[in-house]
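> The structure that follows is given in the form of structure tokens.
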Amino acid sequence: MNKLDVSALMPLIVTLVVLVFMIQLSLTNNGLFLQQLLVSGGIIMILLLLRAGSSTKFTNRT
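Residue 600 is where the sequence shown starts when you use the numbering used here, and the numbers rise one by one after that.
Have a look at this one:
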């Protein structure tokens, strides 16, 4: 693999490391942390989708 391929995989590697860390932290707190993380992530995703839908940049393509 050349340098370009490794740099393209970095977001995936970082995401996997963060996911493993969050699962380990959740297991130590009886799953409460993961549940709160999923709820807050869902709220953020809904807000981002609403913002993208109301943006004129995405709706008025010419």
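Note that CB positions come from ideal geometry on N, CA and C, so glycine has one too. Model, not experiment: these values are computed from the prediction.
Return the CA-CA distance between LEU631 and SER625, expressed in angstroms with no decimal places.
Against the sequence shown, residue 631 aligns to sequence position 32. Against the sequence shown, residue 625 aligns to sequence position 26. Distance between the alpha carbons of LEU631 and SER625: 6 Å.
> So MET621 packs on LEU611, CB below 8 Å; how close in whole Å?
In the sequence shown, the residue the question calls residue 621 occupies position 22. In the sequence shown, the residue the question calls residue 611 occupies position 12. 16 Å between Cβ atoms; not a contact.
> Give the secondary structure of GLY640 by DSSP, where H, G and I count as helix, E and B as strand, and everything else as coil.
Start at 1 with the first residue of the sequence shown, and residue 640 comes out as number 41. Helix, per DSSP.
> I need the straight-line Cα distance from VAL544 to SER606, nearest angstrom please.
Absent from the structure is residue 544, since the part of the chain shown begins at 600 and ends at 661.
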